[in-house]
Amino acid sequence: MRLSALIVGAALAGAAMAGPAGSAPQPGRSYFAYTCAESDDTVALVRFTPSGPGQGALDVVKTIDVGVWPTEVEGPHGIAVHPNGQYWFTSLSHGNPNGVVEKYATGTDERVARVEVGLFPASMDISPATGFLYVVNFNLYGRMRASTVSVVDTDSMAEIAQIPTGVMPHGSRIGPHGAKQYSVTMMDDHLWEIDGLTMKVARKLPLSEHAAHMLGMDMTSEAGAAMMKSMQAQMVQPTWATPPARTGKLYVAGNAANVILEVDVERWAIARRFEKTANGPYNLDVTADGRWLVVTYKKSAAVGIWDAIEGKEVARITTTRPVPHGVVITPDQRYAFVTNEGVGGEPGTVEVYDLTTRTRAAAVDIGKQAGGIAFWK
Numbered sequence: 247m248r249l250s251a252l253i254v255g256a257a258l259a260g261a262a263m264a265g266p267a268g269s270a271p272q273p274g275r276s277y278f279a280y281t282c283a284e285s286d287d288t289v290a291l292v293r294f295t296p297s298g299p300g301q302g303a304l305d306v307v308k309t310i311d312v313g314v315w316p317t318e319v320e321g322p323h324g325i326a327v328h329p330n331g332q333y334w335f336t337s338l339s340h341g342n343p344n345g346v347v348e349k350y351a352t353g354t355d356e357r358v359a360r361v362e363v364g365l366f367p368a369s370m371d372i373s374p375a376t377g378f379l380y381v382v383n384f385n386l387y388g389r390m391r392a393s394t395v396s397v398v399d400t401d402s403m404a405e406i407a408q409i410p411t412g413v414m415p416h417g418s419r420i421g422p423h424g425a426k427q428y429s430v431t432m433m434d435d436h437l438w439e440i441d442g443l444t445m446k447v448a449r450k451l452p453l454s455e456h457a458a459h460m461l462g463m464d465m466t467s468e469a470g471a472a473m474m475k476s477m478q479a480q481m482v483q484p485t486w487a488t489p490p491a492r493t494g495k496l497y498v499a500g501n502a503a504n505v506i507l508e509v510d511v512e513r514w515a516i517a518r519r520f521e522k523t524a525n526g527p528y529n530l531d532v533t534a535d536g537r538w539l540v541v542t543y544k545k546s547a548a549v550g551i552w553d554a555i556e557g558k559e560v561a562r563i564t565t566t567r568p569v570p571h572g573v574v575i576t577p578d579q580r581y582a583f584v585t586n587e588g589v590g591g592e593p594g595t596v597e598v599y600d601l602t603t604r605t606r607a608a609a610v611d612i613g614k615q616a617g618g619i620a621f622w623k
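Here the sequence shown stands for residues 247 to 623, numbered as in the numbering used here.
Below is the structure:
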């Protein structure tokens with residue numbers, strides 16, 4: 247076995263022994279998150295300070311310009327903060343031909359490095375065990391055929407692998423110990439698990455009846471286009487997956503089918519279907535204990551809060567602006583940060599939801615087309 251593989255294996259084993267970390271709620275503390283404004287080529291650092299049940303102050307601490315081409319829209323889409331809190335990363339999707347991942351230092355928010363990856367890199371996450379960043383190459387501008395997940399060493403900022411998955415991968419999330427990466431492929435209805443040691447696909451799960459027939463199909467070919475047309479009404483078109491919770495379950499947003507799928511990770515099977523969603527579940531996050539699930543309904547201008555144990559939606563709240571996009575739950579499981587893209591010339595918006603009162607606690611406008619969001623501290 248190569249030395250690098252031994253090092254990675256030791257890191258994964260150590261993380262697994264340590265178990266998932268958590269923090270108790272701290273009244274009066276401030277919470278910070280980075281969020282992308284895709285149409286403005288900016289990233290906003292926002293701060294939320296609770297002031298009472300269901301209330302608080304949310305403000306923009308600073309706005310950071312990203313990218314290197316002042317006359318082009320480079321499109322920051324995905325964002326992630328390193329587990330050590332010292333760096334944050336964003337994917338610039340509108341590259342020529344490929345997109346890039348940029349690395350910034352937290353605090354100063356100065357760009358440190360950048361690396362080219364694949365076509366239209368989108369959502370991303372970072373393994374706390376290895377420090378490797380996994381970004382899905384959504385390939386919006388390429389042919390509708392199988393794409394890849396890029397693996398980036400965040401120290402050297404070198405792309406060390408491109409792992410083939412399916413058509414239009416999205417929703418990159420890392421398992422609780424950093425050993426596995428999960429993503430979905432929107433146009434062939436699959437959930438994928440990548441092994442962080444071998445850097446190969448470990449398992450794939452079909453999410454609809456005809457999904458297995460769609461794997462490897464070039465959807466721009468005559469046969470692929472015909473298959474897509476015939477199966478479109480039955481497709482789930484998943485857009486996001488959560489990391490596995492301590493319950494051993496992860497959740498997938500079935501955007502086209504208006505369904506949330508609960509997946510038993512050990513059995514690698516769909517355990518339950520949450521059918522009574524609003525139109526267009528898009529992004530979702532789950533508390534580490536597996537109790538609360540927060541969902542953005544992109545087509546319905548709403549956020550849903552679900553009791554994942556009972557499989558029931560306990561609150562559905564209309565957002566302040568249309569096209570809700572990203573969601574991230576704070577590590578203390580108290581609040582959910584949500585982004586709204588807005589439409590036309592509207593600014594984007596960041597909202598904070600109190601999971602105790604199940605109400606919106608605050609909102610603030612940022613740049614246009616607010617999308618990817620990542621918790622910092």
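Where is the CB? At the ideal position from N, CA and C, for every residue including glycine. Source: prediction; values computed, not measured.
{"Asked": "Length of the line joining the Cα atoms of T444 and S276", "Found": "39 Å"}
{"Asked": "Residue(s) in a DSSP beta bridge with P527", "Found": "Y543"}
{"Asked": "Three-state secondary structure assigned by DSSP to P458", "Found": "The sequence given here places Ala at residue 458; Pro does not occur at that position. Of the three classes helix, strand and coil, the one that applies to A458 here is helix, per DSSP."}
{"Asked": "First and last residue of the uninterrupted beta strand (DSSP E) at S297", "Found": "T288 to G298"}
{"Asked": "Under 8 Å between C-beta atoms of R537 and I555", "Found": "yes"}
{"Asked": "Limits of the beta strand (DSSP E) - the one that R606 falls within", "Found": "T605 to D611"}
{"Asked": "For I563 and T605, the rounded distance between their alpha carbons", "Found": "8 Å"}
{"Asked": "Exposed unless 16 or more other CB atoms sit within 10 angstroms - verdict on E356", "Found": "exposed"}
{"Asked": "Cβ-based neighbour list, D535, same chain, cut-off 6 Å, excluding 5 preceding and 5 following", "Found": "R492"}
{"Asked": "Bridge partners - W486, DSSP secondary structure assignment", "Found": "A499"}
{"Asked": "Cβ contact check for the segment 403-412 and the segment 383-393: 3 or more pairs under 8 Å", "Found": "yes"}
{"Asked": "Beta-bridge partners of G302, as assigned by DSSP", "Found": "P296"}
{"Asked": "Reference V532, options V327, G590 and T542, closest by Cα", "Found": "T542"}
{"Asked": "Residue burial classification, E508 (beta-carbon count within 10 angstroms, cutoff 16)", "Found": "buried"}
{"Asked": "Residue span of the beta strand (DSSP E) that contains V596, given as start and end", "Found": "T595 to D600"}
{"Asked": "T288 and V312 closer than 8 Å at C-beta", "Found": "yes"}
{"Asked": "The segment 395-407 touching the segment 365-383, judged by at least three CB pairs closer than 8 Å", "Found": "yes"}
{"Asked": "Sequence-distant residues of the same chain with beta carbon closer than 7 Å to V361, five excluded per side", "Found": "V346, V347, V398, M403, A404 and E405"}
{"Asked": "N342, buried or exposed, once every other Cβ within 10 Å from all chains shown has been counted against 16", "Found": "exposed"}
{"Asked": "Cut-off 7 Å between Cβ atoms - residues of its own chain near W514, not counting five sequence neighbours on either side", "Found": "R449 and L451"}
{"Asked": "Best match in V447, K349, V482 and I551 for proximity to Y599 [C-alpha to C-alpha]", "Found": "I551"}
{"Asked": "When W486, A582, D441 and G353 are compared against P415, the one with the closest alpha-carbon", "Found": "W486"}
{"Asked": "Beta strand (DSSP E) segment containing F366, residue limits", "Found": "Neither: F366 is in no beta strand (DSSP E) and is coded neither H nor E."}
{"Asked": "Rounded separation between F520 and L496 - CA only", "Found": "13 Å"}
{"Asked": "Nearest-angstrom Cα separation, counted from L461 out to A620", "Found": "31 Å"}
{"Asked": "Enclosing beta strand (DSSP E) for E508 [first to last residue]", "Found": "V505 to D510"}
{"Asked": "Beta strand (DSSP E) segment containing V358, residue limits", "Found": "R357 to E362"}
{"Asked": "Inter-residue spacing [alpha-carbon to alpha-carbon] between E512 and A609", "Found": "38 Å"}
{"Asked": "Straight-line Cα distance separating S339 from Y428", "Found": "20 Å"}
{"Asked": "Burial state of G591 (16 or more Cβ within 10 Å)", "Found": "exposed"}
{"Asked": "Nearest candidate by alpha-carbon position, reference T576, set V327, P484 and K544", "Found": "V327"}
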